[in-house]
Amino acid sequence: MTDKSTVIGVDVGGTFTDLFFLDESTGAIDVVKVPSTRGREADGFLDGLSRNNTKLAEVGTIVHGTTVGTNALLERKGAKCGLITSEGFRDVLEMRRRDRPATWGLRGEYTPVIPRDMRMEVPERILADGTIDTPLDHDALRAAAQTLLDQGAEAVVVAFVNAYANTAHEEEALKVLAEIWPNEHLTAATRLLPEIREFERTSTAALNGYLQPVVASYLDRLNTRLGEEGFGGDLLIVQSNGGVMTVDTARQLPVRTALSGPAAGVIASAEIAAAAGFENVITCDMGGTSFDVSLIAGGETHLAAQTSIDFGMVVRSPMIEISTIGAGGGSIAWVDDAGILQIGPESAGSIPGPVAYGQGNDRPTVTDANVVLGRINADRPIGGKLDRLDVEAAKAAILKHVGEPLGLDAIEAAAAILKVANARLAGALRLVSIERGYDPRDFSALPFGGGGALHAGALIGEVGLKSALVPRYPGVASALGCVIADMRHDQVRTVNGILGALDTDALAAQARAIGDEGLALLGDGGISFTGRDLLVELDMSYLGQTHTVAVPVALDALSDRDQIKAAFEATYDTAFGSHLENVAIRVLNLRVSAIGRRPKFDLRVLAPTTDTKPEDAIASRRQMYADGGWHDTPVYDRLALAVGSVVAGPAILEQLDTTIIVELGQTARVDDFGNIVLAAD
Numbered sequence: 005m006t007d008k009s010t011v012i013g014v015d016v017g018g019t020f021t022d023l024f025f026l027d028e029s030t031g032a033i034d035v036v037k038v039p040s041t042r043g044r045e046a047d048g049f050l051d052g053l054s055r056n057n058t059k060l061a062e063v064g065t066i067v068h069g070t071t072v073g074t075n076a077l078l079e080r081k082g083a084k085c086g087l088i089t090s091e092g093f094r095d096v097l098e099m100r101r102r103d104r105p106a107t108w109g110l111r112g113e114y115t116p117v118i119p120r121d122m123r124m125e126v127p128e129r130i131l132a133d134g135t136i137d138t139p140l141d142h143d144a145l146r147a148a149a150q151t152l153l154d155q156g157a158e159a160v161v162v163a164f165v166n167a168y169a170n171t172a173h174e175e176e177a178l179k180v181l182a183e184i185w186p187n188e189h190l191t192a193a194t195r196l197l198p199e200i201r202e203f204e205r206t207s208t209a210a211l212n213g214y215l216q217p218v219v220a221s222y223l224d225r226l227n228t229r230l231g232e233e234g235f236g237g238d239l240l241i242v243q244s245n246g247g248v249m250t251v252d253t254a255r256q257l258p259v260r261t262a263l264s265g266p267a268a269g270v271i272a273s274a275e276i277a278a279a280a281g282f283e284n285v286i287t288c289d290m291g292g293t294s295f296d297v298s299l300i301a302g303g304e305t306h307l308a309a310q311t312s313i314d315f316g317m318v319v320r321s322p323m324i325e326i327s328t329i330g331a332g333g334g335s336i337a338w339v340d341d342a343g344i345l346q347i348g349p350e351s352a353g354s355i356p357g358p359v360a361y362g363q364g365n366d367r368p369t370v371t372d373a374n375v376v377l378g379r380i381n382a383d384r385p386i387g388g389k390l391d392r393l394d395v396e397a398a399k400a401a402i403l404k405h406v407g408e409p410l411g412l413d414a415i416e417a418a419a420a421i422l423k424v425a426n427a428r429l430a431g432a433l434r435l436v437s438i439e440r441g442y443d444p445r446d447f448s449a450l451p452f453g454g455g456g457a458l459h460a461g462a463l464i465g466e467v468g469l470k471s472a473l474v475p476r477y478p479g480v481a482s483a484l485g486c487v488i489a490d491m492r493h494d495q496v497r498t499v500n501g502i503l504g505a506l507d508t509d510a511l512a513a514q515a516r517a518i519g520d521e522g523l524a525l526l527g528d529g530g531i532s533f534t535g536r537d538l539l540v541e542l543d544m545s546y547l548g549q550t551h552t553v554a555v556p557v558a559l560d561a562l563s564d565r566d567q568i569k570a571a572f573e574a575t576y577d578t579a580f581g582s583h584l585e586n587v588a589i590r591v592l593n594l595r596v597s598a599i600g601r602r603p604k605f606d607l608r609v610l611a612p613t614t615d616t617k618p619e620d621a622i623a624s625r626r627q628m629y630a631d632g633g634w635h636d637t638p639v640y641d642r643l644a645l646a647v648g649s650v651v652a653g654p655a656i657l658e659q660l661d662t663t664i665i666v667e668l669g670q671t672a673r674v675d676d677f678g679n680i681v682l683a684a685d
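Residue numbers (the working numbering): 5 to 685.
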């Protein structure tokens, strides 16, 4: 690979670290998958580099997607964080929007990431029009901060009511806190989200503070290790909106990495699906800790203005619309007090990992069930770090923790684990399709992550999908997405006015000013782009409505009230079937996104060039348990299968980064891009 022409996409998951290498001068590619080293993530990354024999001094750009933030939130392993807020608003995080974890019942249990004894009130008040009613009490602020420090707080969040209308008190508080706070982990809610609605703003800031020490520490360690190894290029971090940002921005705004790894995978999936002619797909990212699904309809990914990482963990920041559940390959299977088999959310991660890894865990995982049932090759573990997997240890753990409590033998218990896991995964797919008005029969699953392809065939039957499109390198799709992701900066301002009385010239001027700020941020990254775009949206509704719709508006059209109204009515028609007449229209927020388009590469370079016949690609055979019995199953070298090859199930397709199961009654076909298309006979 030529000097400085190499771009590396790196996705550090809870279990595996995936790397995708691209030489922009020749189009040459390579993929590497190695076990993650939690707490020492840079070690796993550098191990992957050594497998490829790449010298960091020759690398121009590293684009990094990470689930460090996602896992910290799902497993509640963030930093000890405090909150300082206005008098009377201490319980905003707990009250939320008067929702609850379960639909039925009189109450639900929920513990915010910042517990009540770490939430402090201070005298101050700004009115909704931005007028200062009560000055900020500096002595009370210092006392609150000292109390939090005495209780072991590593980070602090300031979130004052109505600060979106006037940020003076939050900015004032940051200056006072900077005098006594021992580190840089200070978050002002309006610096993240200068937008109306105190819960969403406070929640976003609280999660940012909760993640700051964890993500910043990780990025600092990674930066240091890369520098020690001679890296002098650009290090970029993937955001949850599918764009990338600099390390400095990521350290300040770690909440924007909350779905970083999955977002990169969705970006790659959209490119792969479009090239293969699949307009409607549901992406399925199954890693070691979580299962993430996202819907791509008509070739378009969807950005959500607000996302719940888990119940009560609301992030109000543009993100690729991804639903996440705690059910990955490393998710632990257990039987609850009612005798019901459960999967997750606790994960074995990579250290100690599943029981079969032999690294000290004694509780069974989804991966252990796949190993026991012959679906994963125990003699050829993914990642290459382990010599083989301990099938007997996995079987014993499954029998002890699942089989004996349920009165099943080890094989029946392993099959039950897979059945429950697949049911949970299917529920996530229904969440983003049926419950949003889409017919899953019009969609194909697109699995990525190391474990997704193991379950894709089963999900076709569980959900009624048309097919599954398995990328050439599904286990490193997020790393591939890192390579092709654009740089993106999203900003928002609250308008909160009636369209008929709005100064549209002032609105357009504000949008241009925000856009200029975003374009300047793109320039600060020192990255070269093939183009730059500004996207403008208005959050709008009819007067009296609580919820808004996101209305795309051309920047030049913002000065024209009639064009804004027409755009709103068209968007409203799409969402609800018709619009209303003679009702005032409200403009709540202005959103402006600055996007720097990074170079793409031709996905046809991923296609196989071999003309090997399917029978010649059979590497071995082994017993696989499916549909209640054992089957003598051919094991194919997936990457040796030529374009046009067709394989009938049951079959196993193995490659470096994943294993694909072709279930009974299904076939697998290799398309022109090297993807595997799974479908019922």
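Note that the Cβ used here is the ideal one computed from N, Cα and C, for glycine as well.
Alpha carbon to alpha carbon, how far is glutamate 667 from tryptophan 185? So the alpha carbons of these two residues sit roughly 58 Å apart.
Pick from Ala144, Glu98, Tyr168, Val161 that is closest to alanine 132, judged by C-alpha positions: Per the Cα distances, Tyr168.
From the DSSP secondary-structure annotation, give me the bridge partner or partners of histidine 68. Residue pairing by DSSP places histidine 68 opposite Val14, Ile241 in a beta bridge.
Would a C-beta distance cut-off of 7 Å place valine 555 and alanine 579 closer than the cut-off? No, Cβ-Cβ distance for valine 555 and alanine 579 is not below 7 Å.
Which same chain residues end up closer than 8 Å to threonine 135 when comparing Cβ atoms and leaving out the 5 residues on each side of it in sequence? Around threonine 135: Asn170.
With a cut-off of 8 Å, do at least 3 Cβ pairs link the region 598-610 to the region 633-642? Verdict: no, contact absent.
Secondary structure of glutamine 150, DSSP reduced to three states: Reduced to three states, the DSSP call for glutamine 150 is helix.
Using a threshold of 7 Å, state whether the C-beta atoms of alanine 360 and leucine 393 are closer than that. Contact: yes.
Within 10 angstroms of the Cβ of methionine 5, are there 16 or more other Cβ atoms? Answer buried if so, exposed if not. Legend: pLDDT at methionine 5 = 36, less than 50; position of this residue unreliable, no value from coordinates given.
Ranges of the beta strand (DSSP E) found wholly within the region 359-387, counting only runs of at least 3: Within the region 359-387, no complete beta strand (DSSP E) segment of 3 residues or longer occurs.
Apart from the five residues on each side of it in sequence, which residues of its chain come closer than 7 Å, Cβ to Cβ, to alanine 462? Within the same chain, and ignoring the five residues on either side of alanine 462 in sequence, the residues whose Cβ sits closer than 7 Å to its Cβ are Asn426, Glu667.
So, are the CB atoms of glycine 330 and proline 349 less than 7 Å apart? Yes, the pair counts as a contact, with Cβ atoms nearer than the cut-off.
Threshold first: 4 residues or longer. Then list the alpha helix (DSSP H) segments lying entirely within the region 237-322, N to C. Listed in chain order, they are 251-256, 264-280.
Classification of asparagine 593 by the beta-carbon crowding that lies within 10 angstroms, buried from 16 upward: Within 10 angstroms of the beta-carbon of asparagine 593 lie 16 or more other beta-carbons, which makes it buried.
Segments assigned beta strand (DSSP E), at least 3 residues, entirely inside the region 617-671: Taking 3 residues as the minimum length, the beta strand (DSSP E) runs contained wholly in the region 617-671 are 622-630, 633-641, 650-652, 655-658, 663-666, in order along the chain.
DSSP three-state assignment for alanine 32, whether helix, strand or coil: Collapsing the DSSP output to three states places alanine 32 in coil.
Per-residue DSSP class, three states only, for tyrosine 546: Looking at tyrosine 546 - three-state DSSP - the assignment turns out to be strand.
Sequence-distant residues of the same chain with beta carbon closer than 6 Å to glycine 213, five excluded per side: Closer than 6 Å at the Cβ level, and outside the excluded window around glycine 213, lie Cys85, Ala159, Val161, Thr191.
For arginine 434, which residues of its own chain have a beta-carbon under 8 Å away from its beta-carbon, when the five flanking residues on both sides are left out? Hits under 8 Å: Pro444, Val467.
What are the boundary residues of the beta strand (DSSP E) that phenylalanine 25 is part of? Element bounds for phenylalanine 25: 20-27.
Taking only three categories from DSSP, how would you classify glycine 501? DSSP places glycine 501 in strand when its eight states are reduced to three.
Leaving out the 5 sequence neighbours to the left and right, which residues in its chain are closer than 8 Å to glutamate 573 when beta-carbon positions are compared? Beyond the five residues adjoining it in sequence on each side, glutamate 573 comes within less than 8 Å, by CB distance, of His583 in the same chain, given in chain order.
Helix, strand or coil for phenylalanine 49, going by three-state DSSP, please let me know. Three-state result, phenylalanine 49: helix.
CB leucine 538 to CB alanine 598, shorter than 7 Å? Yes, the pair counts as a contact, with Cβ atoms nearer than the cut-off.
Whole-angstrom Cβ separation of valine 259 and threonine 287, contact assumed at under 8 Å? About 22 Å separates the Cβ atoms of valine 259 and threonine 287, ruling out a contact at the 8 Å cut-off.
To the nearest angstrom, report how far apart glycine 653 and glutamine 670 are at their CA atoms. In a straight line, the C-alpha of glycine 653 is about 5 Å away from that of glutamine 670.
Give me the Cα-Cα distance between arginine 642 and alanine 460, rounded to the nearest whole angstrom. Counting only the Cα atoms, alanine 460 lies some 16 Å from arginine 642.
Identified DSSP bridge partners for methionine 122: Looking at the DSSP assignment, methionine 122 forms no beta bridge with any residue, so it has no partner.
Looking at the strands, I want to know which residues DSSP matches up with serine 335. Serine 335 is bridged to Ser351.
Between alanine 337 and aspartate 366, how many whole angstroms is the CB-CB distance? I'm expecting something under 8 Å. The beta carbons of alanine 337 and aspartate 366 sit about 12 Å from each other, so the pair does not count as a contact at 8 Å.
Are the CB atoms of valine 674 and leucine 645 within a distance shorter than 7 Å? Taking 7 Å as the cut-off, the beta carbon of leucine 645 is found closer than this to the beta carbon of valine 674.
What did DSSP end up calling methionine 5 once you bin it into helix, strand or coil? Because the pLDDT of methionine 5 is 36, which lies under 50, any placement of that residue in the model is unreliable, and the number read from its coordinates should be weighed accordingly. It is coil, neither helix nor strand.
Locate the beta strand (DSSP E) running through threonine 328, then write down its first and last residues. Where threonine 328 is concerned, the enclosing beta strand (DSSP E) stretches over 327-329.
For methionine 491, list the residues DSSP reports as bridge partners. Answer is Val248, Gly600, bridged to methionine 491.
Can you grab the Cα-Cα spacing for the pair alanine 280 / aspartate 676, in whole Å? Cα to Cα, alanine 280 sits roughly 8 Å from aspartate 676.
Do you know how far the Cα of threonine 138 is from the Cα of glycine 265? The straight-line gap from Cα to Cα measures roughly 44 Å.
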